[in-house]
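Engineer:
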Amino acid sequence: MARFLNRPVLFSVVALATLGGIAACFVIQRGAVVPTLPTSPVSTSPQPGSETMAVESDLVGMTRLYSSQIERRDPTTDGWDTEKLGEQARKVLTSLGQLLERPGKLQPESVSTLITEDFRCGDLRPENLREVFNDGSFRVLRPGPEAAVEAKRVGASGMSEAFGALLEPLTESRDLRTFFKVHGVEKSAENNGASFFTRSFFESAATTTNGSVQQTAVWRCHWRKDASSPAGIRLAHIGIDDYEEVRFESSAGHLFRDCTEAVFAGEPTYAEQLLDSPTYWTRRLPSALGVGLTAHHGLAVGDANGDGLDDVYACRPGGMPNLLLIHKNDGTVVNEAAKAGLDWLDPTKSALFLDLDNDGDQDLVIGFTSSVRVFKNNGNLRFQPWSTIQPAFGLQSMTAVDFDNDAKLDLFLCFSPARSPVPYDDATNGKANRLYHNLGNGHFGDVSKERGIDPNQKQFSWAAAWEDYDNDGDVDLYVANDYGRNNLYRNDDGHFTDVAAQSGIEDIAAGMSVTWGDFNQDGWVDLYVSNMFSAAGNRVTYQRQFRQGTRGDRQELFQRHARGNSLFMNQGDGTFADTSVSAAVTMGRWSWGSTFADINNDGLEDLLVSNGYMTSENQDDL
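Reminder that position 392 of the sequence shown reads as 393 in our numbering, one-by-one numbering, no gaps.
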């Protein structure tokens with residue numbers, strides 16, 4: 002097996018430059034900017050039909066292509082003035098948030114430049130909040146049905162008063178943070194089009210003396226264009242469509258505490274490899290090794306050395322050794338990957354600890370970008386190469402279960418190839434997933450087609466999860482797909498049928514992960530799918546000019562794609578009801594993974610959602 006494997010280029014040329022007379026094209030490889038240079042300077046007088054002329058022709062064409070794209074960075078050039086309005090509104094709201102974070106500066110004169118003279122709003126923190134949940138640590142407050150909507154606060158003094166009342170539960174807090182996200186823009190015919198409306202998420206969070214406070218709301222804002230304003234617009238009205246306040250009280254001050262440094266105490270890998278950002282490594286390792294800014298690498302948790310403590314196998318980008326973090330009795334970890342023969346440098350996507358031969362110890366399956374390899378646990382932290390499943394190009398994740406009840410664990414592989422999805426909202430040009438049956442002695446056989454996993458279903462699959470959703474004694478399979486519809490494979494005595502459509506859970510969106518749990522405790526497992534909430538997508542897909550001429554159902558697909566996560570309640574008859582909106586669980590931001598877990602030990606399954614995207618400093622320029 003190659004020690005270093007190439008990762009395919011995901012994006013095309015993004016910029017052109019001349020470096021010392023040498024034409025250079027810069028290619029983004031998983032986020033790393035890599036210059037690709039000719040072996041000699043480009044001739045100023047290329048001969049017709051020569052390779053140099055062909056290169057120059059390509060460069061000219063690419064220059065024209067990307068120049069036109071750069072020109073369209075201004076959304077108003079092709080009629081998307083709503084996006085410019087949304088950005089103006091975001092800047093004003095951010096300025097208001099900065100005032101909220103520094104209450105001492107929250108004076109009428111500090112807000113007067115941001116609002117109209119006749120500005121009005123009601124209570125930004127409703128007066129009639131009532132407690133809807135209290136477990137002794139968490140208290141959740143929401144407005145009662147008789148919530149006042151009167152816009153009684155007027156002008157700059159009224160806004161200052163409303164903001165002061167909003168901050169009332171945070172008066173003893175520290176590290177107050179606010180956040181706005183504009184997710185809806187609507188132009189108005191009022192004043193000859195000189196006004197518009199936005200819908201925005203508002204969030205605040207702060208630490209208190211004995212816990213924390215979090216406020217979330219939806220602000221409906223009315224704006225007027227005004228050339229005399231520094232922002233070009235002024236805020237005329239704020240209405241509250243939703244409000245929730247969560248108070249956490251604990252003598253410890255936190256529900257969770259970051260213990261990373263303590264766990265890695267004495268392990269040099271932490272400081273040498275894990276503290277630096279992906280940006281740091283993309284600037285130091287060749288992109289051909291497979292290191293990148295947006296790469297996704299899993300991990301496996303299991304008892305590698307048979308001492309009864311869970312250990313971690315961490316998958317890494319190419320050129321960086323995988324880690325085997327052994328859990329010591331004192332709670333710290335030590336990296337024993339080299340001793341175990343598992344410090345692979347190949348780009349690695351996924352791994353599983355599992356007992357494949359029923360001998361009582363945890364074997365290891367590693368999903369590299371070229372193949373899946375099986376390692377037998379021989380004890381004393383020694384893992385022996387056992388078998389190889391090839392090829393695995395485009396592998397995204399793996400999961401294991403005994404799907405046919407023969408007392409041997411089988412494997413299911415999800416693939417998401419590095420290519421553009423076509424069509425974007427329901428892509429079918431991905432790669433077929435694979436089901437491998439455990440043949441014994443560490444070997445597996447591909448039984449996808451004969452067991453009902455359609456090889457023609459070529460999607461962009463990110464994750465899968467097994468569960469007996471119909472309570473018939475065998476495990477069924479749900480697959481979350483990016484750029485399109487998901488799959489629910491019902492298991493009938495070891496043969497699978499895709500019933501996602503008839504069950505009502507195709508959930509056509511940006512599927513990233515899936516988790517099962519009985520959130521309403523009715524004995525039937527329910528389903529939560531992590532997708533992508535996109536504020537820009539919500540703004541754009543509801544505009545009239547978006548994909549003009551598109552059928553209504555296609556328009557709805559794009560709107561659904563940006564909605565966010567989905568919670569489906571199992572109705573016990575083979576179908577599911579979409580309770581996502583009523584349960585208020587759609588806005589998980591850019592969600593990658595989720596799980597049901599009872600975090601406060603009250604017997605009810607809560608939802609934990611991991612989210613975010615890459616952040617880096619802009620230290621250089623093309």
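Built from N, CA and C at the ideal position, the CB exists for glycine as well.
From a predicted model like this one, the values you see are computed outputs, not experimental measurements.
So, helix, strand or coil for Tyr425, using DSSP?
Structural biologist: Translated into positions along the sequence shown, residue 425 becomes position 424. Here Tyr425 sits in coil by DSSP.
Engineer: Count the other CB atoms, across all protein chains shown, that sit within 10 Å of the CB of Ser46; report buried if there are 16 or more and exposed otherwise.
Structural biologist: What you label residue 46 is simply residue 45 of the sequence shown in a count that begins at 1. Legend: pLDDT at Ser46 = 40, less than 50; position of this residue unreliable, value from coordinates given subsequently. Ser46 should be labelled exposed.
Engineer: Counting pairs of Cβ atoms below 8 Å between the region 421-428 and the region 441-451, do you hit three or more?
Structural biologist: Short answer: they don't touch.
Engineer: Using a 10 Å radius around the Cβ and a threshold of 16 neighbouring Cβ atoms, would you call Asp477 buried or exposed?
Structural biologist: Indexing the sequence shown from 1 puts residue 477 at position 476. With 16 or more other Cβ atoms within 10 Å, it is buried.
Engineer: When you compare the region 374-382 with the region 289-309, are there three or more beta-carbon pairs, one atom per stretch, that lie closer than 8 Å?
Structural biologist: Yes: at least three Cβ pairs fall under 8 Å.
Engineer: Which residue from Asp331, Thr349, Pro322 and Lys432 puts its Cα closest to that of Glu337?
Structural biologist: Here residue 337 refers to the residue found at position 336 when the sequence shown is read from its first residue. Among Asp331, Thr349, Pro322 and Lys432, the Cα nearest to that of Glu337 is on Pro322.
Engineer: Thinking C-beta only, is Gly368 closer than 8 Å to Thr349?
Structural biologist: The residue given as residue 349 occupies position 348 in the sequence shown. The residue given as residue 368 occupies position 367 in the sequence shown. Yes, they are a contact pair.
Engineer: Please determine if the region 572-580 and the region 234-244 are in contact, where contact requires at least 3 C-beta pairs separated by less than 8 Å.
Structural biologist: As far as the Cβ criterion goes, the region 572-580 does not touch the region 234-244, which means the pair count is below three.
Engineer: For the candidate residues Tyr490, Leu324 and Tyr281, whose alpha-carbon lies nearest to that of Leu300?
Structural biologist: Here residue 300 corresponds to residue number 299 of the sequence shown, with the count starting at 1. The shortest C-alpha separation from Leu300 is found at Leu324.
Engineer: What are the boundary residues of the alpha helix (DSSP H) that includes Lys85?
Structural biologist: As a working mapping, residue 85 is identified with position 84 in the sequence shown. Per DSSP, Lys85 belongs to the alpha helix (DSSP H) from Asp82 to Glu102.
Engineer: Looking at the unbroken beta strand (DSSP E) that takes in Ala207, where does it start and where does it end?
Structural biologist: Counted from its first residue, the sequence shown places residue 207 at position 206. Residues Ser196 to Thr209.
Engineer: Do the region 502-516 and the region 531-538 touch if we need at least three Cβ pairs shorter than 8 Å?
Structural biologist: With a cut-off of 8 Å, the region 531-538 and the region 502-516 count as touching, because enough Cβ pairs lie within range.
Engineer: Would you be able to state if there are at least three C-beta pairs under 8 Å between the region 116-127 and the region 163-171?
Structural biologist: Result yes; three or more Cβ-Cβ pairs closer than 8 Å.
Engineer: At which residues does the alpha helix (DSSP H) containing Thr542 begin and terminate?
Structural biologist: Within the sequence shown, the letter at position 541 stands for residue 542. Per DSSP, Thr542 belongs to the alpha helix (DSSP H) from Ala536 to Thr542.
Engineer: Within the same chain, show all residues whose beta-carbon is closer than 8 Å to that of Leu410, passing over the 5 residues directly before and after it, in chain order.
Structural biologist: Locating residue 410 in the sequence shown gives position 409, where the first residue counts as 1. Leu355, Asp356, Leu357, Ala401, Val402, Asp403 and Asn439.
Engineer: Under the rule that 16 or more other beta-carbon atoms within 10 Å means buried, what is Gln89, buried or exposed?
Structural biologist: Stepping through the sequence shown from its first residue, residue 89 is reached at position 88. It counts as buried.
Engineer: Could you pull the start and end residues of the beta strand (DSSP E) that Met399 belongs to?
Structural biologist: The residue given as residue 399 occupies position 398 in the sequence shown. Per DSSP, Met399 belongs to the beta strand (DSSP E) from Leu396 to Val402.
Engineer: Should Asn566 and Trp525 be called a contact, given that it needs their Cβ atoms to be closer than 8 Å?
Structural biologist: Within the sequence shown, the letter at position 565 stands for residue 566. Within the sequence shown, the letter at position 524 stands for residue 525. Not closer than 8 Å, so no.
Engineer: Between Leu608 and Val586, how many whole angstroms is the CB-CB distance? I'm expecting something under 8 Å.
Structural biologist: Working through the sequence shown from its first residue, we reach residue 608 at position 607. Working through the sequence shown from its first residue, we reach residue 586 at position 585. Contact holds; Cβ gap of about 6 Å.
Engineer: Could you give the first and the last residue of the continuous beta strand (DSSP E) run that contains Tyr529?
Structural biologist: Translated into positions along the sequence shown, residue 529 becomes position 528. Asp527 to Ser531 is the span of the beta strand (DSSP E), which, as asked, contains Tyr529.
Engineer: Could you name each continuous alpha helix (DSSP H) segment of 4 residues or more that falls completely within the region 121-187, going from the start of the chain to the end?
Structural biologist: With a minimum length of 4 residues, the continuous alpha helix (DSSP H) runs that stay inside the region 121-187 are 156-167.
Engineer: Out of curiosity, what's the CA-to-CA distance linking Val35 and Gln460?
Structural biologist: As a position in the sequence shown, residue 35 is number 34, starting the count at 1. As a position in the sequence shown, residue 460 is number 459, starting the count at 1. Caution applies to Val35, whose pLDDT of 35 falls short of 50 and renders its modelled position unreliable; the value that the coordinates give is listed next. Cα to Cα, the separation comes out at about 29 Å.
Engineer: In whole angstroms, what is the alpha-carbon distance linking Ser229 and Leu115?
Structural biologist: By 1-based counting over the sequence shown, the position of residue 229 is 228. By 1-based counting over the sequence shown, the position of residue 115 is 114. Distance between the alpha carbons of Ser229 and Leu115 is about 11 Å.
Engineer: How about Gly212 and Glu169: do their beta carbons lie closer than 8 Å?
Structural biologist: Within the sequence shown, numbered from 1, the residue matching residue 212 stands at position 211. Within the sequence shown, numbered from 1, the residue matching residue 169 stands at position 168. Result no, Cβ atoms of Gly212 and Glu169 do not sit closer than 8 Å.
Engineer: Are the beta-carbon atoms of Ala502 and Lys182 separated by less than 8 Å?
Structural biologist: Indexing the sequence shown from 1 puts residue 502 at position 501. Indexing the sequence shown from 1 puts residue 182 at position 181. Contact: no.
Engineer: Which term fits Cys260, buried or exposed, when burial requires 16 or more other beta carbons within 10 angstroms of its beta carbon?
Structural biologist: The residue given as residue 260 occupies position 259 in the sequence shown. The residue is exposed, with fewer than 16 neighbouring Cβ atoms inside 10 Å.
Engineer: For the region 256-297, list the alpha helix (DSSP H) runs that are entirely contained and at least 4 residues long, ordered along the chain.
Structural biologist: List check, alpha helix (DSSP H) in window: 261-264 and 279-283.
Engineer: In three-state DSSP terms, what is Pro348?
Structural biologist: Along the sequence shown, read from residue 1 onward, the residue named residue 348 stands at position 347. Residue state, collapsed to three classes: coil.
Engineer: Do you know how far the Cα of Pro109 is from the Cα of Lys226?
Structural biologist: Counting from one through the sequence shown, the residue named residue 226 turns up at place 225. Counting from one through the sequence shown, the residue named residue 109 turns up at place 108. Roughly 21 Å between the two C-alpha positions.
Engineer: Near His223, what residues of its chain come up, given a Cβ to Cβ distance below 7 Å and the 5 sequence neighbours on each side ignored?
Structural biologist: Position 222 of the sequence shown, counting from 1, holds the residue named residue 223. These residues qualify, in order along the chain: Ser196, Phe198, Ala237 and His238.
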